[in-house]
Every structure is written in C-alpha cells, then in structure tokens.
Amino acid sequence: MQRNVTTAIATALGCLVAANPLPAADTPRAHSEDASAMTIERVSWGTVDGHPVDLYTLDNGRGLRMKVTNYGGIVVALECPDRDGRMADVVLGFDRLEDYLAGHPYFGALIGRYGNRIAAGRFVLDEREYRLATNNAPGGRPCALHGGLKGFDKVVWRAEPLREPDRIGLRLRHTSPDGDEGYPGRLDVTVHYWLTTDNTWRITYEATTDRPTPVNLTQHSYFNLAGHASGPILGHVLQIHADRFTPVDAGLIPTGELRPVDGTPMDFRRPTPIGARIDADDEQIRFGGGYDHNWVLNGPAGTLRLAAVVEEPTTGRRMEVWTTEPGLQFYSGNFLDGSNIGKGRTPYGHRTGFCLETQHFPDSPNHPEFPSTILRPGEVYRSQTEYRFRTVGP
Ligand code: BGC
C-alpha cells in the first residue's frame, strides 16, 4: 500500500511533492536547466519487523530519477534518457515491498558486511576462527554470500534526504551489532546515494568498528540499459579496464591467482559485446554459467578511476563505472530464470540484467595476498563508486 506522507519533508527541503510513486517508464520528459527543479519525495511503503519503510523519489531535474527504499537501501527504479531524450527505467526490480520480502537475488540492494563469497563460511582473524551461515552453494560447495541470511540488503536503514546546490541525495545509516551474522564487532555504516546535476549516481560508503572485522560493501543493481523489460543484455558492449582477473574454482571461490585476461573470454580491454564469448568452451565460463567473476582493476585502488564502460547500441545509453575499489564483479545474470516477476509483471529471464559490483576481491579474509578487507577500531572504511549516465550517437 502506498500513501503520500511527504508534505512536511518536501516543504522542509523546498521541493515539490507528487503522489506518483511508480510512474510509467519510457515517457519523454522535458528537462529543466534550473537546479531548483531537483526534487525529493517520500511515500510510506509499508513496514518490516515493525519498522516503517519508505520509498523516496530523487529527481535531479536533468534526466536522472531514482526510486530508492530504506529497506535494504534498494534502488527500485532508475530512469535515464536515451539518445533521443526518451526515458526508460534501466534497473530490474519490483513494484511492491511485498515482492522484495518474498525473496529475490539482491535486486538493487546494498550488500554487507561482506559482498561476494567467503569460502565454507569461515575465516580466521587474529588467530580466532569465525563461522558464518552458508547461504549459497555453487557447484555444491557451500559458502557465505553477500553478508549472510540477513545481510544489509534485508535491514531497514535510517534514511535522511539531503539537498545541496548541485546534487540531491539520501543518507542511509545502519548499526550492525557485535556478532551480527557471525561477524565480530559493532559496525556503524553510513552510505550516501547522490544524484548530481551531471547525471551521475554517486555512492559513498563509510564504516567504523569497535573490533577487527571484515568489511566489503557494494551495490547490487541489475542493469539493462535498453530498459528493464527489454530481454537479454547480450548486445550491450562492455569495456573493463583490467588486465587481470581472479579465476575461481567450481564453488566460485578465487584460487588466489591473478590471471592475465589476455587470450581468454575475460578480455574486455576493448569494447566487446557481452554475448560475444559468453558461451565459450572455457572452464571459467562453465563454472560461472557465463560471467560471474572479479576483475582486478588497473590503476591505484583508493583513487577514483574509470573501471568499466557499457553502451547499449539500440538506445545509445552509456554507463561509466568509476570506483576507488580494487575489484569489479561482473555478473551477467546467469541465474535469472524467469521466476522473478518484476515491475509491470515482467518475468526476468536468463541474462536480462547484469551487475557491475565494485568491491574488494571475493574471499579476501582467506587470502592474505589479496588487498585486506579487515577494518580495525580507530580506522574508517571509505569507498566511493559512481555510475555516470551518458548517451552516444548512432
Ligand atoms: C554473484 C552471483 C550471485 C548473484 C545473486 C552476484 O553478486 O556473483 O554468483 O548469483 O550475486 O545472488
């Protein structure tokens, strides 16, 4: 049930309110050059565990509009223009909170404490072993995936809308208690989603802890730049700025090797259609059922640099991924099978969305040779990622 309760907040922010929580995509819209056209609205979206859940709509007034809920920090919809100015919603998701609660493969969600896999759901830290729930088992090999049974994708975050001269945003905060999902220490997390006036979705992550703990936060949106209901993403042209990747075993756990992409289907150093080699006779492709791997990004981690570019030729939509992270998981939606019925009753079939998850390498707590994911008291975890939406001509 959706109910407009936004007036107070909207007035405080000096923005307009429209009771229109899920507008139809693909409608042309005039874009104002006036930054005061940036709006944030909030509607009540239901409750989870007795906590109120809201749906926010952030509109930068320049052609980027996001619907985001404080349940799981989930991005429910993201509209951007094609080369002719036609808007489409380019992320997979659901119309109703109930659909998210019924279970789904992390559509649009914030992921923590540890994005990606930890082998056998165990790790040793400062000579003590920690055990996590094993909630995933590719190739029959159990692992801990994306933060556990109730990861950050399933909690209600504290949300606060923000407005600055050249951007609007949402601050999301969550406190994960000591022992949460088996992880040590109390972790205080703050995530900002910003929409800037140049059509960038900027995400900043910060966290502090009172005991050493692994932290690897990411965002799990599934993109389809032709529109969320447009079918397979195989025609998208992808470039990844990485000379190496982390090959995996049958359980999708890195072997520890940093393997050159040269001469493999993992070589996206030049723009290449996702579908060009996705069914290649290759062990890594077989293990992932397509692409489900971590690339070792070129350039120094800790500085914001271009990680990947995706272009969708029929619409001219282009998305750049910039990040401070050392790695990028490219997942080609291989496990989607039509059983998730998404927005507008769209069954999301095999490979109809892709994820580009900026992150540290999978299973880092068990790989001392990988960049460390351990956060210690007194330190601040900081990470930034940007998805920049542009268009290219025919
Ligand atoms: C993983 C996939 C997994 C998907 C949804 C991705 O980040 O790489 O293996 O199936 O998340 O759970």
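Read in order, the letters of the sequence shown are residues 1217 to 1610 in the working numbering.
C-beta: ideal position from N, C-alpha, C; glycine also.
| Item | Value |
| --- | --- |
| Heavy atom of the ligand BGC within 6 Å of D1508 beta-carbon | yes |
| heavy atom of the ligand BGC below 6 Å from F1503 C-beta | no |
| Extent of the continuous beta strand (DSSP E) to which Y1168 belongs | What is shown of the chain runs 1217 to 1610, which leaves residue 1168 out entirely. |
| F1551: CB within 6 Å of a non-hydrogen atom of the ligand BGC | yes |
| Outcome for T1263 when other beta-carbon atoms lying within 10 angstroms are tallied against a minimum of 16 | exposed |
| N1352 versus T1540 - alpha carbon distance | 28 Å |
| Same chain, Cβ closer than 6 Å to T1416, neighbours up to 5 away in sequence not counted | E1602, R1604 |
| Residues that Y1287 bridges to, as DSSP identifies them | V1372 |
| Selected residue, minimal CA-CA separation from P1377, among L1388, Y1564, D1300 | L1388 |
| For R1278, three-class secondary structure by DSSP | coil |
| Euclidean distance between Cα positions of A1335 and A1523 | 26 Å |
| Alpha-carbon spacing of T1412 relative to L1280, whole angstroms | 9 Å |
| Alpha-carbon spacing of Q1575 relative to V1306, whole angstroms | 22 Å |
| CA nearest to the CA of G1467, picked from I1501, C1359, I1557, V1269 | C1359 |
| G1319 versus D1311: straight-line alpha-carbon distance, rounded | 14 Å |
| C-beta contact flag for A1442 and E1528 at 7 Å | yes |
| Where I1490 sits in the DSSP three-state scheme | helix |
| Cut-off 7 Å between Cβ atoms - residues of its own chain near D1298, not counting five sequence neighbours on either side | A1304, T1531, G1532, R1533, T1607 |
| Residue of D1459, N1432, N1556, S1260 minimising C-alpha distance to R1486 | D1459 |
| CB of G1569 within 7 Å of CB of Y1438, strictly | yes |
| Three-way DSSP call (helix, strand, coil) for G1472 in this model | coil |
| Per-residue DSSP class, three states only, for E1422 | strand |
| Reduced DSSP secondary structure (H/G/I, E/B, other) of Y1316 | helix |
| Beta-carbon spacing of F1461, Y1507 below 7 Å | no |
| Under the three-state DSSP convention, the category R1329 falls into | coil |
| Residue(s) in a DSSP beta bridge with L1591 | T1429 |
| For I1384, three-class secondary structure by DSSP | strand |
| DSSP three-state assignment for I1456, whether helix, strand or coil | strand |
| Sequence ranges, beta strand (DSSP E) only - wholly within the stretch 1512-1579, length at least 3 | 1521-1528, 1533-1539, 1543-1547, 1571-1575 |
| Straight-line Cα distance separating E1573 from Y1322 | 12 Å |
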